[in-house]
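Peer 1: In terms of my numbering, the sequence shown opens at residue 5 and continues consecutively.
C-beta atoms are modelled at their ideal positions from N, C-alpha and C, and glycine is treated no differently.
Note that the structure is a prediction, hence the values are computed from the model and not measured.
I'd like to ask you about the structure that follows.
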Amino acid sequence: MQQNLKTIKRQWVELFTLSGLHMTVDMFSGMLAVLLPIIRENYALSLTLGVILLSVQSLACNVVQLLVGHLRAGKKKPLLIPVGLCLATLLCFIGVLPQQASAVIWIFVLAIISGIGVAIFHPESLRAVHYLKAIPASTSSAVYLTFGFMGFTGGSWFAA
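Now the structure itself:
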């Protein structure tokens, strides 16, 4: 009984850790829309290119998940969680690009790489959440997804 209680407590800590990381990585996908007016002003980006930039990042965040989701399905070590988190942060480097029209290409590259980071993080972290057998999958999924939503909206708030 004592061992079971320790397992349950440990798995709740693991769930909140994974959910906190999910919140953190989703912040980067929520930042770009809020930063777009400043990016447009500083880099002479047209509204059309701005909408394309948002679309490209969103597609990278979602389509790449479909492409990489099955790659590590049988693995136990969560390699793609830290890799995805590190790649997602690259969006912040937009702020250090020189204010020239040629920087627009690098803005797109950073948005795509950041989107790929967000994408490769999700399947592996969700698998880790469902590996926590002491917590019902419906509960762990709800906690994980709620933190992701808070991250996306929190990223917009922090970027503002």
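(1) Which runs of the alpha helix (DSSP H) fall wholly inside the segment 75-122 and span at least 4 residues, in chain order?
(2) Excluding the 5 residues preceding and the 5 following A107 in the sequence, name in chain order all residues of the same chain whose CB lies nearer than 7 angstroms to its CB.
(3) Throw me the rounded Cβ distance for the V122 and V29 pair, which I believe falls under 8 angstroms.
(4) May I have the straight-line CA-CA distance separating A141 from A132, to the nearest angstrom?
(5) Mark F32 as exposed unless 16 or more other C-beta atoms lie within 10 angstroms of its C-beta, in which case mark it buried.
(6) What separation, rounded to the nearest whole angstrom, lies between the Cα atoms of S50 and R44?
(7) On a Cα-Cα basis, can you pick out the residue from H134, Q69, M35 and Y135 that is closest to L114?
(8) Can you list the alpha helix (DSSP H) stretches of 4 or more residues lying completely in the segment 20-51, in chain order?
(9) So A146 is in the alpha helix (DSSP H); what residue range does that whole segment cover?
(10) Rounded to the nearest angstrom, what separates F20 and A138 at their Cα positions?
(11) Take the Cβ of G155 as the centre, count every other Cβ of all protein chains shown within 10 Å, and call the residue buried at 16 or more, exposed below.
Peer 2: Checking against the coordinates, here is how it stands:
(1) 84-92
(2) Within the sequence shown, residue 107 is the residue found at index 103, counting from 1. The answer, listed in chain order, is Y47 and L101.
(3) The sequence position of residue 122 within the sequence shown is 118, counting from 1. The sequence position of residue 29 within the sequence shown is 25, counting from 1. Going by Cβ atoms, the distance from V122 to V29 rounds to 6 angstroms, so yes, they are a contact pair.
(4) By 1-based counting over the sequence shown, the position of residue 141 is 137. By 1-based counting over the sequence shown, the position of residue 132 is 128. Going from the Cα of A141 to the Cα of A132 covers about 11 angstroms.
(5) As a working note, residue 32 is residue 28 in the sequence shown. F32 should be labelled buried.
(6) The residue you call residue 50 lines up with position 46 of the sequence shown. The residue you call residue 44 lines up with position 40 of the sequence shown. If you take the alpha carbons of S50 and R44, they lie about 7 angstroms apart.
(7) To locate residue 114, count along the sequence shown from 1; it is residue 110. Here the closest residue by C-alpha is M35.
(8) none
(9) For this step, residue 146 is matched to residue 142 along the sequence shown. First-last of the alpha helix (DSSP H) with A146: A141 to A163.
(10) In the sequence shown, the residue the question calls residue 20 occupies position 16. In the sequence shown, the residue the question calls residue 138 occupies position 134. Rounded to whole angstroms, F20 to A138 spans 14 angstroms at the Cα level.
(11) Taking the first residue of the sequence shown as position 1, residue 155 is located at position 151. Burial call: buried.
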